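Protein chains in written order, with the working numbering: chain A, 169 to 508; chain B, 4 to 319.
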């Protein structure tokens, strides 16, 4: 009797394990819809994921909208459940106001880092006198109420040339991140600059204006490298660093290197299609993020393991508590132990 | 041979010169519009002519391989929008215009309605996007679907259709109405068989003009939630669904799915490509603009065709 009971337990365990085997193979054909929205910076990653995932699961329809980080969170925390998006991309961590929306609507989320990006500070290629700026100089230029209208007022020795500023508009996560990192308070910026949500307009502006100074996502620098001059940023130690894959990846491009995130709705994560998409993204993260058409800096592999773990264990909420010190590194925040 | 009173001098030579100057000024002004249009088309063809191919028309968008990216999903989305907009806006617009022009008394209320419609025709399209988001997407629970998109664009074109239809109806000579009524036809028979057919060319022109504006709109569609990437048109493949579920069930399923799916349209796709950093996408955007222009020209051609056909049949 006891042996047959043992056998029965074995079979129950075996049958119980079958679904796990199914997940491991991940080849069962799924169908359904996954609605992705959010930051225009994160959008290329999600579009690339959707495209590659289609080969794997052709019956799952993934839609990717581009509403900006803030606009994406609005759709993520919609009052009407049917209108909520499943995944939203963010080029900055979630804000307290958005967290309160989460409490209000009951939409719980899993926060996952996906890549590193940098904000490029650029000038016109004919500008020969300026190769780098310090954070203090950038702060003096961009602070609200700044009266700097001429290059000669930025640093002694700069020529007498009118300064023209270009930057992203207020719906942009890049604007949020730059103001936080440079000015010190999010969304605090002087307003007398040419603002546009379309980074290509900023590129064209800086390209055609001798006295221009502008900033935008690093991804827009590369295809336009011939038309722009990239500046090094001196975080205060007298050693200016220019953004590139290495300096963004190892954190030495301070303080304008930034992590990018995706936020997955905890309810949506129960759906097989959403689950499969996120699993697929993290299984292929490096390939997707560093694809030459996406061109961001992949996180070290340990991050992707930790992120996938967080997703599988459904770790809810943000590691960016409103009162947490903003000096913590991404590794500290997510408890990633990095091999040196 | 006294000079005419008032010191009139014939000065025919001078008047002719002024006349010629005026004529050349007007010709020059018309040419400016024509040259601007020509330059635009030449530039777009230069930029985007190279990307037009069979695959460009039959492939979904792609960020990883822009060389094989296409506008298939966007074309189908735009066709959906055209059909839904026409279905919603034409009966509404023409019906309202018929009542206002043929039935309604000329009083303060109708003047007020007319004034409002004229104002509505000038409201920026993004405002209709907000309205569509509140009414169709949220209140009527259509979601971010092609249905909500079509109805939003219908809101945008209805005022223009009403105005154009009213003008077309007003241009029908009253003698036609009088003759029909005198022969014992009812008011509706008069409108149905004589006034509407006579006004049809004008109505069609109004419909086509307003629709041409609507299908080029990106802002209201983005506002109600048109997406920037989707690999399949609304409802997926009709043929596949019918193949799996049979003609009636399949078509019904497909239609229901189409009314619920996320969608994109040509102007949204073009806007998305213009925003990409790499120049290869800007060429794709120019190609998309060419396709949009072709859709527009074919719509105009269709309207001209219907008009010609209709006029031939009326006079034979």
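Don't be surprised by glycine CBs; every beta carbon is placed ideally from N, CA and C.
Bear in mind that the values here come from a model prediction, so they are computed numbers and not experimental data.
Task: Residues that residue 332 of chain A bridges to, as DSSP identifies them - done: One-based indexing of the first chain puts residue 332 of chain A at position 164. Looking at the DSSP assignment, residue 332 of chain A forms a beta bridge with A:380.
Open item on the list: Am I right that residue 92 of chain B and residue 164 of chain B are in contact with their C-beta atoms under 8 angstroms? What's the rounded C-beta distance?
Closed with: Indexing the second chain from 1 puts residue 92 of chain B at position 89. Indexing the second chain from 1 puts residue 164 of chain B at position 161. About 6 angstroms separates the two Cβ atoms, so the contact holds.
Open item on the list: Is residue 240 of chain A close to the ligand NAD? I mean its beta-carbon at under 7 angstroms from any heavy atom of the ligand.
Closed with: This structure simply doesn't include the ligand NAD, nor any ligand for that matter.
TODO: Taking all protein chains shown into account, decide if residue 500 of chain A is buried (16 or more other Cβ within 10 angstroms of its Cβ) or exposed.
DONE: Reading the first chain from its first residue, position 332 is the one you call residue 500 of chain A. Exposed is the call here.
Task: Coarse secondary structure for residue 484 of chain A, derived from DSSP in three states - done: Here residue 484 of chain A refers to the residue found at position 316 of the first chain. The answer is coil: DSSP assigns residue 484 of chain A none of H, G, I, E or B.
Open item on the list: I believe residue 261 of chain A touches residue 488 of chain A by the beta-carbon criterion, under 8 angstroms. Please report the beta-carbon distance rounded to the nearest angstrom.
Closed with: Here residue 261 of chain A refers to the residue found at position 93 of the first chain. Here residue 488 of chain A refers to the residue found at position 320 of the first chain. Residue 261 of chain A to residue 488 of chain A, Cβ: 4 angstroms. Contact.
Open item on the list: Just to confirm the assignment: which complete alpha helix (DSSP H) runs, minimum length 4, are found wholly within the stretch 222-264 of chain B?
Closed with: 222-227, 241-248, 250-261
Open item on the list: Can you look up residue 318 of chain A in the DSSP assignment and give me helix, strand or coil?
Closed with: By 1-based counting over the first chain, the position of residue 318 of chain A is 150. Strand at residue 318 of chain A.
Task: Beta-ladder partner(s) of residue 426 of chain A, from DSSP - done: The residue you call residue 426 of chain A lines up with position 258 of the first chain. The partner list for residue 426 of chain A (beta bridge, DSSP) reads A:285.
Task: Cβ separation of residue 276 of chain B and residue 269 of chain B, assumed to be a contact under 8 angstroms, to the nearest whole Å - done: Residue numbering aside, residue 276 of chain B sits at position 273 when the second chain is read from its first letter. Residue numbering aside, residue 269 of chain B sits at position 266 when the second chain is read from its first letter. Between residue 269 of chain B and residue 276 of chain B the Cβ distance is about 11 angstroms, and since that is not below 8 angstroms, they are no contact.
TODO: Select from the stretch 222-234 of chain A all residues with a C-beta closer than 8 angstroms to any C-beta belonging to chain B, and list them in chain order.
DONE: 222, 229, 230, 231, 232, 233, 234
Task: Endpoints, alpha helix (DSSP H) assigned at residue 294 of chain A - done: Start at 1 with the first residue of the first chain, and residue 294 of chain A comes out as number 126. Neither: residue 294 of chain A is in no alpha helix (DSSP H) and is coded neither H nor E.
- [ ] Put residue 191 of chain A into one of helix, strand or coil per three-state DSSP.
- [x] As a first step, residue 191 of chain A is located in the first chain; it is residue number 23 there, counting from the start. Unreliable placement is indicated for residue 191 of chain A, whose pLDDT of 46 sits below 50; no coordinate value is reported for it.
- [ ] For residue 211 of chain B, name the three-state secondary structure that DSSP assigns.
- [x] Counting from 1 along the second chain, the entry for residue 211 of chain B is found at position 208. Residue 211 of chain B: helix per DSSP, three-state reduction.
TODO: Step through the CB atoms of chain A and report whether any lies within less than 8 angstroms of the CB of residue 15 of chain B.
DONE: For the purposes of this step, residue 15 of chain B is taken as the residue at position 12 of the second chain. It does not: the Cβ of residue 15 of chain B has no partner Cβ on chain A nearer than 8 angstroms.
- [ ] For residue 368 of chain A, decide whether its Cβ has a neighbour in chain B, counting only Cβ atoms nearer than 8 angstroms.
- [x] Taking the first residue of the first chain as position 1, residue 368 of chain A is located at position 200. Chain B contact via Cβ: present.
- [ ] Just the C-alpha distance for residue 194 of chain A and residue 129 of chain B, rounded to the nearest angstrom, thanks.
- [x] Position 26 of the first chain holds residue 194 of chain A. Position 126 of the second chain holds residue 129 of chain B. Only weak support exists for where residue 194 of chain A lies, its pLDDT of 49 falling under 50; the coordinates are left without a value.
TODO: Give a yes or no on whether 8 angstroms exceeds the smallest Cβ distance from residue 219 of chain A to chain B.
DONE: For the purposes of this step, residue 219 of chain A is taken as the residue at position 51 of the first chain. True, the Cβ-Cβ gap to chain B drops below 8 angstroms.
Task: residue 331 of chain A versus residue 325 of chain A: straight-line alpha-carbon distance, rounded - done: Residue 331 of chain A sits at position 163 when you count from the first residue of the first chain. Residue 325 of chain A sits at position 157 when you count from the first residue of the first chain. About 15 angstroms.
Task: Unbroken beta strand (DSSP E) run spanning residue 229 of chain A, endpoints - done: In the first chain, counting from the first residue as 1, residue 229 of chain A sits at position 61. First-last of the beta strand (DSSP E) with residue 229 of chain A: 228-232.
Task: Neighbouring residues, chain A, relative to residue 231 of chain B (Cβ below 8 angstroms) - done: Here residue 231 of chain B refers to the residue found at position 228 of the second chain. Neighbours of residue 231 of chain B on chain A, chain order: 211, 215, 232, 233, 234.
Task: Buried versus exposed call for residue 464 of chain A [16 or more other C-beta atoms within 10 Å across all chains shown] - done: Locating residue 464 of chain A in the first chain gives position 296, counting from the first residue. Per the 10 Å Cβ criterion, buried.
Open item on the list: Helix, strand or coil for residue 277 of chain A? Go by DSSP, reduced to three states.
Closed with: Translated into the one-based positions of the first chain, residue 277 of chain A becomes position 109. In this structure, residue 277 of chain A counts as strand in the three-state DSSP scheme.
Open item on the list: Taking the alpha carbon of residue 204 of chain B as the reference point, which residue from B:292, B:306, B:246 has its own alpha carbon closest?
Closed with: The residue given as residue 204 of chain B occupies position 201 in the second chain. Out of B:292, B:306, B:246, B:306 has the C-alpha closest to the C-alpha of residue 204 of chain B.
TODO: Would you please verify whether the beta carbon of residue 426 of chain A is less than 8 angstroms from any beta carbon of chain B?
DONE: The count along the first chain starts at 1 and reaches residue 426 of chain A at position 258. Taking Cβ atoms only, chain B never reaches closer than 8 angstroms to residue 426 of chain A, which makes this a no.
Task: Rounded C-alpha distance that separates residue 475 of chain A from residue 263 of chain B - done: Along the first chain, read from residue 1 onward, the residue named residue 475 of chain A stands at position 307. Along the second chain, read from residue 1 onward, the residue named residue 263 of chain B stands at position 260. Each residue's alpha carbon lies about 32 angstroms from the other.
Task: Range of the contiguous beta strand (DSSP E) that encloses residue 201 of chain A - done: On the first chain, position 33 is the one that residue 201 of chain A refers to. Its beta strand (DSSP E) spans residues 200-206.
Open item on the list: In the DSSP assignment, the alpha helix (DSSP H) including residue 138 of chain B goes from what residue to what residue?
Closed with: As a working note, residue 138 of chain B is residue 135 in the second chain. Neither: residue 138 of chain B is in no alpha helix (DSSP H) and is coded neither H nor E.
Open item on the list: Taking its Cβ as the centre, do 16 or more other Cβ atoms sit within 10 Å of residue 178 of chain B, making it buried, or is it exposed?
Closed with: Here residue 178 of chain B refers to the residue found at position 175 when the second chain is read from its first residue. Residue 178 of chain B comes out exposed.
Task: residue 268 of chain B, DSSP secondary structure in three states - done: As a first step, residue 268 of chain B is located in the second chain; it is residue number 265 there, counting from the start. It is coil, neither helix nor strand.
TODO: Return helix, strand or coil for residue 256 of chain A, following the three-state DSSP convention.
DONE: Counting from 1 along the first chain, the entry for residue 256 of chain A is found at position 88. Residue state, collapsed to three classes: strand.
TODO: Flag this pair as yes or no: are the beta carbons of residue 202 of chain A and residue 442 of chain A separated by less than 8 angstroms?
DONE: In the first chain, residue 202 of chain A corresponds to position 34, counting from 1. In the first chain, residue 442 of chain A corresponds to position 274, counting from 1. Yes; because the gap between Cβ atoms is below 8 angstroms, this pair is in contact.
Task: Chain-ordered neighbours of residue 146 of chain B on chain A, where CB pairs are closer than 7 angstroms - done: Residue mapping note: residue 146 of chain B aligns to position 143 of the second chain, counting from 1. Those within 7 angstroms of residue 146 of chain B in chain A are 250, 251.
- [ ] Identify every residue that forms a DSSP beta bridge with residue 397 of chain A.
- [x] Stepping through the first chain from its first residue, residue 397 of chain A is reached at position 229. In the DSSP output, where bridge partners are listed per residue, residue 397 of chain A has A:291.
- [ ] Report the neighbours of residue 388 of chain A on chain B: residues whose CB is nearer than 8 angstroms to its CB, in chain order.
- [x] Working through the first chain from its first residue, we reach residue 388 of chain A at position 220. Correct list: 280.
- [ ] Check the Cβ-Cβ distances between residue 252 of chain B and every residue of chain A, and say whether any is below 8 angstroms.
- [x] Taking the first residue of the second chain as position 1, residue 252 of chain B is located at position 249. Answer no: the Cβ-Cβ gap between residue 252 of chain B and chain A never drops below 8 angstroms.
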